[in-house]
Every structure is written in structure tokens, then in C-alpha cells.
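Novice: First the structure, then my questions, so here it is.
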Amino acid sequence: MDGGTNGKVHPCVEVVEACGEWHVRVVDGDQNKTLTFELESYALAYAEGQRMRLGLDKIERSRAF
24 MDGGTNGKVH PCVEVVEACG EWHVRVVDGD QNKTLTFELE SYALAYAEGQ
74 RMRLGLDKIE RSRAF
């Protein structure tokens, strides 16, 4: 997640694969929402929509360890 400055958290969208499920985390101001999808394509489509809504340049992707 992007770090914040002066206590403010920057908006971001993250996609993480863990145990065969895809999790999309959306941080928007003081709201933090995580949705779980069985299919990667659904997770990526949702994440892309949120990225556009928030006016972000990219989606953060990572794998759970």
C-alpha cells in the first residue's frame, strides 16, 4: 500500500492471490474495503474499475507468502 504522510493515507487498489482466491483491497480516504473473488479475471475487472474511479495510474499486485 502507498504510505501516507501526516496521518493521511493515499488511495490505492491492491490485488493479492492467496490460497486460490483473489483479494482486492481498495483504500479511499478513511475507508478500507476488501472483496474476495474466486476468479482472477473478476478480481482484475473490479480492481480496474476502482482504479479508474479513484483516478490512479496503477493497481498494486502481489502474492501472499
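Heads up: the sequence shown begins at 24 in the working numbering, then just goes up one per residue.
Backbone N, C-alpha and C fix where the C-beta goes; we use that ideal spot for every residue, glycine too.
Computed from a predicted model, the values in this text were never measured in an experiment.
Of the choices N55, E40, E44 and H46, whose alpha-carbon is the least far from that of P34?
Specialist: N55
Novice: With burial defined as no fewer than 16 other Cβ atoms inside 10 Å of the residue's Cβ, what is the status of A66: buried or exposed?
Specialist: By the C-beta density criterion, A66 is buried, having at least 16 other C-beta atoms within 10 angstroms.
Novice: Helix or strand or just coil, what does DSSP make of A68?
Specialist: A68 falls in the helix class under three-state DSSP.
Novice: Are the beta-carbon atoms of E83 and E63 separated by less than 9 Å?
Specialist: no
Novice: With respect to the beta strand (DSSP E) encompassing E44, which residues constitute its N-terminal and C-terminal limits?
Specialist: E44 -> beta strand (DSSP E) spans E44 to D51.
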